[in-house]
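Peer 1: Residue numbers for the sequence shown, in my numbering: 355 to 578. The following block contains the structure, expressed as structure tokens.
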Amino acid sequence: EFRRVLFRSEQLDNLNAVTFEDYFRTVPGLMMNQAPGTTRAFDFSLRGISDYNDFSPQQTAATVGQYLDEIPITAAGQQIDPRLVDIDHIEVLRGPQGTYFGEDSLGGTIRIITRKPDLSEFSGSGEGRISSTAHGGINDTESLMLNLPLISNELGLRLNAFRAVDSGFIDEVCTPAPFPQPQCAATGDIISKINPDRSDGERAQLRFVPADEKVVLVAGTGKK
355 EFRRVLFRSE QLDNLNAVTF EDYFRTVPGL MMNQAPGTTR AFDFSLRGIS DYNDFSPQQT
415 AATVGQYLDE IPITAAGQQI DPRLVDIDHI EVLRGPQGTY FGEDSLGGTI RIITRKPDLS
475 EFSGSGEGRI SSTAHGGIND TESLMLNLPL ISNELGLRLN AFRAVDSGFI DEVCTPAPFP
535 QPQCAATGDI ISKINPDRSD GERAQLRFVP ADEKVVLVAG TGKK
């Protein structure tokens, strides 16, 4: 039994979910572990199973596997947080899932399934979001999708691109030696908005369905 929690695209839209942090709180037992004072080094735990270490996150063994479609993207001590653009659904499978997904899935597995090329109809869409953060600044997100049926019912191409900018909202007080910050002129100074984030990415999928109904899917992604 998989013991699955499923998020379909409509539910993700209702949650305004664009990252893992936007939906994990709705899954019982799913947690995000993060070292204090950082915005990057984080790991997942499910069913209370975790090997995360605040002091050396890079040496942490992953206990929750993560997949983008059928591609494993699990990273021990530094999980990847793909931007949720043009997603069909997300599956959260409670573990152990080692038989199906390998040794890094003792606690469970997260599968992010993208929308595939439509071979029959041309379509396109765009989305933009803008918001502000108290004591922070302006955040904005833009994404575009284009679906091209190159050969009707046989060959199709789906293209995605996005850009996201999140303003920082955390201020840090400068501390004395032995851990002085290079941005500080004096102890007690304030470093403003230390946690901004920006990401850009593209994704292309080419789907081919030959006459004998065997499906060939070629995908590529890029992110900065």
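Ideal Cβ placement from N, Cα and C applies to all residues, glycine included.
1. One question on the structure: do Val-439 and Ser-477 come within less than 8 Å of each other, judged by their Cβ atoms?
2. Which word fits Ser-479, buried or exposed, when buried means at least 16 other C-beta atoms lie within 10 angstroms of its C-beta?
3. Can you find the residues in the same chain that come closer than 6 Å, C-beta to C-beta, to Ser-486, ignoring five residues on each side of it along the sequence?
4. Please list, in chain order, all residues of the same chain as Gln-451 whose beta carbon is under 7 Å from its beta carbon, the five residues on each side excluded.
5. Kindly indicate which three-state DSSP category Gln-365 falls into: helix, strand or coil?
6. May I ask you to report which of helix, strand or coil DSSP gives Tyr-421?
7. Can you give me the start and stop residues for the alpha helix (DSSP H) that Thr-453 sits inside?
8. Residues in its own chain within less than 6 Å of Asp-435 by CB, not counting five upstream and five downstream?
9. Closer than 8 Å is the cut-off here; do at least three beta carbon pairs connect the stretch 539-554 with the stretch 464-475?
10. Please give the ranges of any beta strand (DSSP E) in the stretch 444-490, keeping only runs that are unbroken, at least 3 residues long and fully inside the region.
11. Within 10 Å of its beta-carbon, does Ile-444 have 16 or more other beta-carbons around it, so buried, or fewer, so exposed?
12. Would Pro-536 and Leu-511 qualify as a contact pair, given that the criterion is a beta-carbon distance under 8 Å?
13. Could you pull out every residue in the same chain whose Cβ sits closer than 7 Å to the Cβ of Ser-521, ignoring the five residues on either side in sequence?
14. Residue range of the beta strand (DSSP E) that Val-519 falls in?
15. When you compare each of Asn-507, Ala-415 and Leu-513 to Gln-559 by their alpha carbons, which one comes out closest?
16. On the premise that Thr-417 lies in contact with Ile-403, defined as a C-beta separation below 8 Å, what is that separation, rounded to the nearest angstrom?
17. Below 8 Å between beta carbons: does that hold for Asn-507 and Val-446?
Peer 2: To lay it out plainly:
1. no
2. exposed
3. Ile-492
4. Gly-419, Ser-459, Gly-462 and Thr-463
5. helix
6. strand
7. 452-455
8. Thr-373 and Phe-374
9. no
10. 462-468 and 477-486
11. buried
12. no
13. Thr-487, Gly-490, Gly-491, Ile-492, Asn-493, Lys-547 and Pro-550
14. 509-520
15. Leu-513
16. 5 Å
17. no
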